Amino acid sequence: MQKTIVIIYYNDIPDFLNEDKITSVLKEYITRFGFSIDTLSYNFVSKDKMLSLNQSYLNHDTHTDIISFDYSSRESLKAEFFISMWAVAHSAQTESQTIENETLRVIVHGVLHCIGYQDDTIDKKTEMRRLEDEFIQMFHVKQKPHV
30 MQKTIVIIYY
40 NDIPDFLNED
50 KITSVLKEYI
60 TRFGFSIDTL
70 SYNFVSKDKM
80 LSLNQSYLNH
90 DTHTDIISFD
100 YSSRESLKAE
110 FFISMWAVAH
120 SAQTESQTIE
130 NETLRVIVHG
140 VLHCIGYQDD
150 TIDKKTEMRR
160 LEDEFIQMFH
170 VKQKPHV
């Protein structure tokens with residue numbers, strides 16, 4: 030049996046996140062939906078860079094926590110994500126979350142969009158939040174030492 034190579038890049042990832050643990054949980058989580066990973070690239074950028082991306086690609090003159098560029102085909106995910114830690118920190122404070130949990134939420138939020146989930150209605154937002162919470166829980170369970 031040939032081993033599948035999964036490529037997940039993290040550019041300028043915050044020090045408080047462990048790349049190996051995130052990668053492990055992402056791989057397990059994504060396979061639950063019947064998808065595989067081709068390439069995922071996470072770029073952690075400044076507030077100004079994110080605003081510039083938002084203006085250039087989406088014609089929005091506002092700040093946001095993540096912008097996703099989805100190049101996926103069928104059940105193979107290929108995407109590039111840009112994450113503003115400034116916006117994530119703001120959301121964490123607003124939502125009374127830790128910065129780690131809010132960062133994990135944003136990391137999986139982009140993936141969920143690539144899988145086909147939307148958040149353009151209250152019901153869809155509720156479902157998206159449930160799926161994000163499931164990912165965050167998986168991450169924390171994976172961190173606990175097994176006895």
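The sequence shown finishes on residue 176 if you use our numbering, and the numbering steps up by one all the way, no holes. C-beta atoms are modelled at their ideal positions from N, C-alpha and C, and glycine is treated no differently. No experiment lies behind these values; they were computed from the predicted model shown.
Closest to G63 by CA distance: which of S113, I95 and L141 is it?
L141
Does the beta-carbon of K85 have 16 or more other beta-carbons within 10 angstroms, so that it is buried, or is it exposed? Reading off the sequence, residue 85 comes out as Ser, not Lys. The residue in question, S85, is exposed, as its Cβ has fewer than 16 Cβ neighbours within 10 Å.
D94 versus Y38, T60, L82 and I37, residue with shortest Cα-Cα distance: Comparing Cα-Cα distances from D94 to each of Y38, T60, L82 and I37, the minimum goes to L82.
Check your understanding: Of all the alpha helix (DSSP H) runs that stay within the bounds of the segment 57-106, which reach a length of 4 or more residues?
Key -> 76-87
- Under 8 Å, do I36 and T68 count as touching if we go by C-beta distance? yes
* **Outcome for Q122 when other beta-carbon atoms lying within 10 angstroms are tallied against a minimum of 16** => Taking all protein chains shown into account, Q122 has fewer than 16 neighbouring C-beta atoms within 10 Å of its C-beta and is therefore exposed.
Spatial neighbours of S97 within its chain, please: C-beta separation below 7 Å, excluding the five flanking residues on both sides.
A108, F110, G139, H142 and C143
Discussion item. Which same chain residues end up closer than 6 Å to S70 when comparing Cβ atoms and leaving out the 5 residues on each side of it in sequence?
Written reply: Apart from the 5 residues on each side of it in sequence, S70 sits with its Cβ closer than 6 Å to the Cβ of Y38 and E109 in its chain, given in chain order.
Suppose the cutoff is 7 Å on Cβ atoms and the five residues either side in sequence are ignored; what does the same chain contact list for E48 look like?
Apart from the 5 residues on each side of it in sequence, E48 sits with its Cβ closer than 7 Å to the Cβ of Y39 and I42 in its chain, given in chain order.
With the cut-off set at 8 Å, would you say S120 and V74 are in Cβ contact? It is not a contact, given that the beta carbons lie outside the stated cut-off.
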